[in-house]
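**Q** Please read through the structure below; I'll follow up with questions.
Protein chains: 2
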Amino acid sequence: MTSHSAPSSTESGAPPGRHWRGYVFLGMSVDGLIARNDGDLGWLTSRGEAAGDAGYTPFMAQIDHLVVGRTTYETVRAFESWPYEGKQVLVLSRSLDDGADPRVRVLRSLDDAVAALDHAPAHHVYVDGGRTIASFLGAGLIDDLTLTRVPVLIGDGVTPFGALPHDADLLHLSTEVLPGGLVQSRYRVVR
Amino acid sequence: MTSHSAPSSTESGAPPGRHWRGYVFLGMSVDGLIARNDGDLGWLTSRGEAAGDAGYTPFMAQIDHLVVGRTTYETVRAFESWPYEGKQVLVLSRSLDDGADPRVRVLRSLDDAVAALDHAPAHHVYVDGGRTIASFLGAGLIDDLTLTRVPVLIGDGVTPFGALPHDADLLHLSTEVLPGGLVQSRYRVVR
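Those sequence lines, one after another, are chains A and B.
Under my numbering, the first residue of the first sequence carries the number 1123, and numbering increases by one thereafter.
Under my numbering, the first residue of the second sequence carries the number 1123, and numbering increases by one thereafter.
If you want it as structure tokens, here you go:
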């Protein structure tokens, strides 16, 4: 295992024109998938156990706002306890009823979500869910990615990435091998 | 009882029913793409320079046979010098003329290529090219993967992975951070 880190001086700053940073924190298969097509995550959670929470707790400690899509919201809503206690949660959905759940705020479009984050004001925004991550990436609203590769190829499923208006150049910050053969890399989006 | 020494590690042994191992050695973007849709590799080669050949020379030294698709063959054929000197090269293609190039042997199907490798006999087989890798993976003919992630998201392009008849469980062997922020991980397919 080799691991090294870049200096963290610019890490906490927001990019020009925004006072918040967008964060992605994903577990994925080596073939780059974050869920099977039916939403199943068993292949991920079973292999992830050895690595504990793989840095999720300290990552979440810095987060004040989340933006998730409808699918992620429905998944999380079914959990025994609400995992986003104390965070502002925006759900990006055209169909979810406004006020259906007092723990979240429903936004109809990416522009509306960005306006809400700008107004909040938000500082550290965790963006989650395949299509939501892809839209934020495409709009240049993601600044940091933590990607944890679980040692399996599942062949078919949901990708968090998609077409981009232009390449997103990344700065490699660190890579760590976690128990169970998970490989966790952190990148910063270079502008 | 015949006397023979056991292999020093399982790494050098062939899987049951085959006397050759299939190897993948890929440079890819962080979003898992190996080329743009038009075949462009500039995003990869420009960022890869800092890492030298990223272990390609020692990797190739052990290879006796290659299997590539038509697209990879055409790309390589355009190089100033033939990079596969001294190796047996099989091209998987329905359309390429048999005997068009004395440096390669054209095979019409995966089954024909496997029969040729079995007969050769081959030992260390480098499988390259998006669709060719996907077919070999799907048929359970890949044993080792070396994946080098170049720090960029390109959004759209060619993936070497695709639907699989079942999950391919991987054993993480090593991860190294190379100059330029490239992250190289080696995996063995577990059977």
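We put the beta carbon where it would ideally sit given N, CA and C, even for glycine.
In this text, all values refer to a predicted model and were calculated from it rather than measured experimentally.
Could you name the residues of chain B that A1290 (chain A) contacts, counting a contact when the two beta carbons are closer than 9 Å?
**A** Working through the first sequence from its first residue, we reach residue 1290 (chain A) at position 168. Here the neighbours are V1152, D1153, V1274, L1275, I1276, G1277.
**Q** What's the gap between the Cα of G1252 (chain B) and the Cα of D1278 (chain B)?
**A** Here residue 1252 (chain B) refers to the residue found at position 130 of the second sequence. Here residue 1278 (chain B) refers to the residue found at position 156 of the second sequence. C-alpha separation (whole angstroms): 14 Å.
**Q** Quick one: is L1300 (chain B) buried, meaning 16 or more other Cβ sit within 10 Å of its Cβ, or exposed?
**A** Translated into positions along the second sequence, residue 1300 (chain B) becomes position 178. With 16 or more other Cβ atoms within 10 Å, it is buried.
**Q** What residues are listed by DSSP as bridge partners for Y1145 (chain B)?
**A** Translated into the one-based positions of the second sequence, residue 1145 (chain B) becomes position 23. BP columns for Y1145 (chain B) point to B:Y1248, B:D1266.
**Q** Using beta carbons (cut-off 8 Å, strictly below), is H1245 (chain A) in contact with chain B?
**A** Looking up residue 1245 (chain A) in the first sequence gives position 123. Chain B contact via Cβ: absent.
**Q** To the nearest angstrom, how far is the alpha carbon of D1219 (chain B) from that of I1264 (chain A)?
**A** Position 97 of the second sequence holds residue 1219 (chain B). Position 142 of the first sequence holds residue 1264 (chain A). Those two C-alpha atoms are separated by around 48 Å.
**Q** How far does the alpha helix (DSSP H) with A1183 (chain A) in it extend, from its first residue to its last?
**A** Numbered from 1 along the first sequence, position 61 holds the residue referred to as residue 1183 (chain A). Counting along the chain, the alpha helix (DSSP H) containing A1183 (chain A) begins and ends at 1178-1183.
**Q** Distance, Cα to Cα, L1286 (chain A) vs V1272 (chain B)?
**A** Position 164 of the first sequence, counting from 1, holds the residue named residue 1286 (chain A). Position 150 of the second sequence, counting from 1, holds the residue named residue 1272 (chain B). Their Cα atoms are separated by approximately 17 Å.
**Q** Is there a Cβ of chain B sitting closer than 8 Å to that of V1309 (chain A), yes or no?
**A** By one-based count along the first sequence, residue 1309 (chain A) stands at place 187. For the record, residue 1309 (chain A) in the displayed sequence is Tyr; it is not Val. With 8 Å as the cut-off, Y1309 (chain A) counts as an interface residue toward chain B.
**Q** Count the CB pairs spanning the region 1223-1238 of chain A and the region 1282-1296 of chain A that are closer than 8 Å, and state whether there are at least three.
**A** No, the region 1223-1238 of chain A does not touch the region 1282-1296 of chain A.
**Q** For Q1306 (chain B), count neighbouring C-beta atoms within 10 Å of its own C-beta (all shown protein chains included) and say buried if the count is 16 or more, exposed if not.
**A** The residue given as residue 1306 (chain B) occupies position 184 in the second sequence. Flag for Q1306 (chain B) reads buried.
**Q** With DSSP as the reference, identify every bridge partner of T1297 (chain B), one or two as the case may be.
**A** Within the second sequence, residue 1297 (chain B) is the residue found at index 175, counting from 1. T1297 (chain B) pairs with B:S1307.
**Q** For the beta strand (DSSP E) holding H1187 (chain A), just list the boundary residues, first then last.
**A** As a working mapping, residue 1187 (chain A) is identified with position 65 in the first sequence. Element bounds for H1187 (chain A): 1187-1191.
**Q** Please decide whether T1297 (chain B) counts as near chain A, where near means a Cβ-Cβ distance under 8 Å.
**A** To locate residue 1297 (chain B), count along the second sequence from 1; it is residue 175. Interface residue, yes.
**Q** Let me know if S1231 (chain B) comes out buried or exposed under the rule of 16 or more other beta-carbons within 10 Å of its beta-carbon.
**A** Stepping through the second sequence from its first residue, residue 1231 (chain B) is reached at position 109. Under this definition S1231 (chain B) is an exposed residue.
**Q** Tell me the DSSP bridge mates of S1151 (chain A)?
**A** Numbered from its first residue, the first sequence carries residue 1151 (chain A) at position 29. DSSP output for S1151 (chain A) lists A:V1272 as bridge partner(s).
**Q** Answer yes or no: do D1240 (chain B) and R1310 (chain B) have a C-beta to C-beta separation smaller than 8 Å?
**A** For the purposes of this step, residue 1240 (chain B) is identified with residue 118 of the second sequence, where counting begins at 1. For the purposes of this step, residue 1310 (chain B) is identified with residue 188 of the second sequence, where counting begins at 1. No, these two residues do not count as a Cβ contact at 8 Å.
**Q** For V1312 (chain A), which residues does DSSP report across the bridge?
**A** As a working note, residue 1312 (chain A) is residue 190 in the first sequence. DSSP output for V1312 (chain A) lists no bridge partner at all.
**Q** In angstroms, rounded to a whole number, what distance separates the CA positions of T1179 (chain A) and D1233 (chain A)?
**A** Here residue 1179 (chain A) refers to the residue found at position 57 when the first sequence is read from its first residue. Here residue 1233 (chain A) refers to the residue found at position 111 when the first sequence is read from its first residue. So the two alpha carbons sit approximately 29 Å from each other.
**Q** Would L1269 (chain B) pass as a contact of A1290 (chain A) if the rule is Cβ separation under 8 Å?
**A** The residue you call residue 1269 (chain B) lines up with position 147 of the second sequence. The residue you call residue 1290 (chain A) lines up with position 168 of the first sequence. Cβ distance not < 8 Å, so L1269 (chain B) and A1290 (chain A) don't count as in contact.
**Q** According to DSSP, is A1157 (chain B) part of a helix, a strand, or is it coil?
**A** As a first step, residue 1157 (chain B) is located in the second sequence; it is residue number 35 there, counting from the start. Looking at A1157 (chain B) - three-state DSSP - the assignment turns out to be strand.
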